[in-house]
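Encoded as structure tokens, the structure appears first; notes follow it.
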Amino acid sequence: GENVEQHPSTLSVQEGDSAVIKCTYSDSASNYFPWYKQELGKGPQLIIDIRSNVGEKKDQRIAVTLNKTAKHFSLHITETQPEDSAVYFCAANVGGSSNTGKLIFGQGTTLQVKP
Amino acid sequence: NAGVMQNPRHLVRRRGQEARLRCSPMKGHSHVYWYRQLPEEGLKFMVYLQKENIIDESGMPKERFSAEFPKEGPSILRIQQVVRGDSAAYFCASNPPGANVLTFGAGSRLTVL
Chain A
2 GENVEQHPST LSVQEGDSAV IKCTYSDSAS NYFPWYKQEL GKGPQLIIDI
52 RSNVGEKKDQ RIAVTLNKTA KHFSLHITET QPEDSAVYFC AANVGGSSNT
102 GKLIFGQGTT LQVKP
Chain B
127 NAGVMQNPRH LVRRRGQEAR LRCSPMKGHS HVYWYRQLPE EGLKFMVYLQ
177 KENIIDESGM PKERFSAEFP KEGPSILRIQ QVVRGDSAAY FCASNPPGAN
227 VLTFGAGSRL TVL
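Here you go:
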């Protein structure tokens with residue numbers, strides 16, 4: 002079945018450094034790739050997403066890159082701050098439908114930013 | 127806009143009891159999704175509903191679990207005869223017609239004793 006693999010499972014960086022989280026997906030039809038941030042005891046919050054018709058998207062300190070050939074996408078956070086500490090999840094839509102929220106999630110990356 | 131509203135936030139049940147989790151989507155959103163998150167794991171799709179219609183329930187366990195989204199009122203995820211393995215966080219999400227972008231609620235955390 003469809004699968005999304007996410008690495009690393011934990012990531013510790015010093016404040017101000019960059020953090021990179023990588024995901025691979027198996028469904029060739031996937032065309033929507035969101036990233037969610039989940040803080041303790043809260044629901045996932047969308048932080049950035051990318052569609053298959055672009056290779057890169059940036060929003061202030063956060064960027065996402067997509068390589069459709071390799072079925073690989075990555076989250077880049079620059080100038081990390083302690084408030085970036087959270088669990089980050091990548092996801093891919095199932096079957097390539099443009100209007101369904103049926104997503105396959107990665108296993109999550111716990112990011113710790115040390116002051 | 128109050129966002130996706132879920133209640134209860136925490137629910138404790140003994141084995142064999144029933145659990146009912148409720149979700150009201152964002153205003154203007156007509157699609158509701160339920161996801162389950164086991165401890166230390168990612169979210170797993172369970173079911174996708176529109177008003178009075180189940181669109182995709184491929185992620186729902188075949189027994190004891192059911193979901194509905196009536197014409198009036200919130201969507202309800204019902205778990206009958208709960209077992210300890212049902213202990214998890216259950217998240218509801220919604221999106222507007224024709225869009226992938228999901229907005230999640232804060233979740234309902236079920237503990238089965």
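In order, the protein sequences belong to chains A and B. Under the numbering used here, think of the first position of the first sequence as 2, with each following residue one higher. Under the numbering used here, think of the first position of the second sequence as 127, with each following residue one higher. Here a beta-carbon is modelled for each residue, glycine too, at the ideal position from N, C-alpha and C. Everything numeric in this text was worked out from a predicted model, so none of it was measured.
Along chain A, in chain order, which residues have C-beta atoms closer than 8 Å to that of residue i?
{"i": "residue 208 (chain B)", "result": "Near residue 208 (chain B) there are no residues of chain A at all, since even the closest Cβ is about 22 Å away, more than 8 Å."}
Spell out whether any CB of chain A is found under 9 Å from the CB atom of residue i.
{"i": "residue 230 (chain B)", "result": "yes"}
{"i": "residue 154 (chain B)", "result": "no"}
{"i": "residue 221 (chain B)", "result": "yes"}
{"i": "residue 226 (chain B)", "result": "yes"}
{"i": "residue 130 (chain B)", "result": "yes"}
Just the chain B side, please: which residues come within less than 8 Å of residue i by C-beta, in chain order?
{"i": "residue 45 (chain A)", "result": "169, 217 and 230"}
{"i": "residue 28 (chain A)", "result": "None at all; the shortest Cβ gap to chain B is about 13 Å."}
{"i": "residue 90 (chain A)", "result": "168 and 169"}
With DSSP as the reference, identify every bridge partner of residue i, one or two as the case may be.
{"i": "residue 139 (chain B)", "result": "B:238"}
{"i": "residue 8 (chain A)", "result": "A:23"}
{"i": "residue 179 (chain B)", "result": "B:176"}
{"i": "residue 204 (chain B)", "result": "B:146 and B:192"}
In chain order, what residues of the same chain lie with their CB nearer than 7 Å to the CB of residue i, ignoring the 5 residues before and after it?
{"i": "residue 79 (chain A)", "result": "19 and 62"}
{"i": "residue 114 (chain A)", "result": "14, 16, 81, 82, 83, 85 and 86"}
{"i": "residue 143 (chain B)", "result": "208"}
{"i": "residue 181 (chain B)", "result": "174 and 175"}
Say whether chain B places a C-beta atom closer than 9 Å to the C-beta of residue i.
{"i": "residue 60 (chain A)", "result": "no"}
{"i": "residue 35 (chain A)", "result": "yes"}
{"i": "residue 94 (chain A)", "result": "yes"}
{"i": "residue 82 (chain A)", "result": "no"}
{"i": "residue 7 (chain A)", "result": "yes"}
{"i": "residue 18 (chain A)", "result": "no"}
Counting only Cβ pairs nearer than 9 Å, list the residues of chain B close to residue i.
{"i": "residue 85 (chain A)", "result": "Under the 9 Å cutoff, chain B gives no residues; its nearest Cβ is about 19 Å from residue 85 (chain A)."}
{"i": "residue 97 (chain A)", "result": "Ordered by position in chain B, no residue passes the 9 Å Cβ test against residue 97 (chain A), which lies about 10 Å from the chain."}
Residues of chain A with a CB under 7 Å from the CB of residue i: which are they?
{"i": "residue 182 (chain B)", "result": "103"}
{"i": "residue 233 (chain B)", "result": "44"}
Buried or exposed: where does residue i fall if 16 or more other Cβ atoms within 10 Å of its Cβ makes it buried?
{"i": "residue 155 (chain B)", "result": "buried"}
{"i": "residue 39 (chain A)", "result": "buried"}
{"i": "residue 196 (chain B)", "result": "exposed"}
{"i": "residue 240 (chain B)", "result": "This structure cannot settle anything about residue 240 (chain B), because the visible part of chain B is limited to 127 through 239."}
Leaving out five residues on either side along the sequence, give the residues of the same chain with a beta carbon under 6 Å from the beta carbon of residue i.
{"i": "residue 108 (chain A)", "result": "7"}
Which residues of chain B have a Cβ atom closer than 7 Å to the Cβ of residue i, listed in chain order?
{"i": "residue 109 (chain A)", "result": "168"}
{"i": "residue 106 (chain A)", "result": "168 and 169"}
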